[in-house]
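Q: The following block contains the structure, expressed as structure tokens.
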Amino acid sequence: MSEKAVARSALQRILITGAAGGVGTILRTGLAALGWTVRCLDLRIPDDAGDAEWVVGDVTDSATVLAAMADVDIVVHLAGIPKEDHFAAILHTNIDGTYQVFDAAVRAGVPRVLYASTNHVVGYYQRAAFADRPLGTVDRTRPDTLYGVSKAFGEALGSYYHDRHGLQVACVRIGALLAEPRTRRMLDTWFSPADAVRLFHALATAPNLGYEIVYGVSANPTAWADPEPGRRLGYVPQDDSSVFAHRFAGLPVDPDDPEVRFLGGDFTTATPD
Ligand SMILES: NC(=O)c1ccc[n+]([C@@H]2O[C@H](COP(=O)([O-])OP(=O)(O)OC[C@H]3O[C@@H](n4cnc5c(N)ncnc54)[C@H](O)[C@@H]3O)[C@@H](O)[C@H]2O)c1
2 MSEKAVARSA LQRILITGAA GGVGTILRTG LAALGWTVRC LDLRIPDDAG
52 DAEWVVGDVT DSATVLAAMA DVDIVVHLAG IPKEDHFAAI LHTNIDGTYQ
102 VFDAAVRAGV PRVLYASTNH VVGYYQRAAF ADRPLGTVDR TRPDTLYGVS
152 KAFGEALGSY YHDRHGLQVA CVRIGALLAE PRTRRMLDTW FSPADAVRLF
202 HALATAPNLG YEIVYGVSAN PTAWADPEPG RRLGYVPQDD SSVFAHRFAG
252 LPVDPDDPEV RFLGGDFTTA TPD
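All you need for the working numbering is the position in the sequence shown, starting with 1, plus 1.
In structure tokens form, the structure reads like this:
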């Protein structure tokens, strides 16, 4: 057997919740290409479902989630509302849904959960405070929305399940996971699709994972997020946003604009649709 085949055979089954969404599409295709056997859970099957196994169901349904975790080695929990919304919706999907996923992982004997948190758990920090030093992952959270609050809950829930049940947990504070940055602020937070696959693969394969919070960003020269927690776990980003910087050069910069003032940008003024 070739070395490549041996390495691939060591990879196991990964369950991705919210797999039909933007991040889910990037991870389910990227991780499958690296050799993972991917099972997808979502409310719907997308047109580009590919060869993965699909479970149609709601992450707030404990029986569905538990059944989806049969023979699973790693859970990547993405399913959720990815922006500000009314509290009832946030409570249902992001808080109850995340509880059901962590709880089912322990009951199903899945050893490791990778949780999609967000940079909006620290969105109310002022950008100017991090001109000369990065923001770490041990500083207190400062959510900029009820959405950000729900993700801080998920990080705390993961910590609890690690301490109480020994679950291995990595919370990824995802930045702007898009093909290209769309705003000047995203030059700081851009997370290229290829780097996202690199980070989640690194977290899925890292030995001796306990409980970790890492920032999901590329090697952007203007990043305010501390890259060290990710690097310690084997994440080596290969993209950076500097190639897009010229698009935003020369635009006026108003220091009172929330997009300039806060790490979370205009999420600090966001209201539900
Ligand atoms: N896209 C980003 O840049 C970004 C940044 C930070 C954090 N995140 C987080 O990553 C995750 C995915 O974000 P996205 O941009 O792909 O969002 P998305 O809206 O494109 O995808 C979310 C997916 O979750 C599914 N879903 C929603 N409720 C569900 C439920 N109750 N049961 C099962 N599936 C459900 C949806 O059908 C959808 O396919 C979210 O948790 C989001 O908060 C994303």
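C-beta atoms are modelled at their ideal positions from N, C-alpha and C, and glycine is treated no differently. Quick caveat: nothing in here was measured; it's all calculated off a predicted structure.
Return the residue from the list 150, 107 and 195 that minimises the CA-CA distance to residue 30.
A: Residue 30 sits at position 29 when you count from the first residue of the sequence shown. Considering only alpha carbons, the answer is 195.
Q: With a CB to CB cut of under 6 Å and the five nearest residues on each side skipped, what residues in its chain are close to residue 242?
A: Against the sequence shown, residue 242 aligns to sequence position 241. So the list reads 182, 188, 191 and 221, once near-sequence residues are dropped.
Q: So, helix, strand or coil for residue 102, using DSSP?
A: To locate residue 102, count along the sequence shown from 1; it is residue 101. Helix.
Q: If you draw a straight line from the alpha carbon of residue 202 to that of residue 216, how long is it in whole angstroms?
A: Residue numbering aside, residue 202 sits at position 201 when the sequence shown is read from its first letter. Residue numbering aside, residue 216 sits at position 215 when the sequence shown is read from its first letter. Cα to Cα, residue 202 sits roughly 14 Å from residue 216.
Q: Would you kindly report the start and end of the unbroken beta strand (DSSP E) that includes residue 160?
A: By 1-based counting over the sequence shown, the position of residue 160 is 159. Unbroken run through residue 160 is the alpha helix (DSSP H), 147–166; no beta strand (DSSP E).
Q: Rounded to a whole number of angstroms, what is the C-alpha to C-alpha distance between residue 184 and residue 226?
A: On the sequence shown, residue 184 is found 183 positions in, with the first residue counted as 1. On the sequence shown, residue 226 is found 225 positions in, with the first residue counted as 1. Cα to Cα, residue 184 sits roughly 17 Å from residue 226.
Q: Using a Cβ-Cβ cut-off of 7 Å (strictly less than) and excluding sequence neighbours within five positions of residue 14, which residues of its own chain qualify?
A: Mapped onto the sequence shown, residue 14 falls at position 13. Same-chain partners within the cutoff: 38, 40, 72, 73 and 74.
Q: Give the range of the beta strand (DSSP E) segment to which residue 63 is assigned.
A: To locate residue 63, count along the sequence shown from 1; it is residue 62. Segment 63–69 is the alpha helix (DSSP H) holding residue 63; no beta strand (DSSP E) there.
Q: On the criterion of 16 or more Cβ atoms from any shown chain inside 10 Å, does residue 169 qualify as buried, or is it exposed?
A: The sequence position of residue 169 within the sequence shown is 168, counting from 1. Counting Cβ neighbours within 10 Å, residue 169 comes out buried, since at least 16 surround it.
Q: What's the C-alpha gap between residue 91 and residue 151?
A: Here residue 91 refers to the residue found at position 90 when the sequence shown is read from its first residue. Here residue 151 refers to the residue found at position 150 when the sequence shown is read from its first residue. Their Cα atoms are separated by approximately 7 Å.
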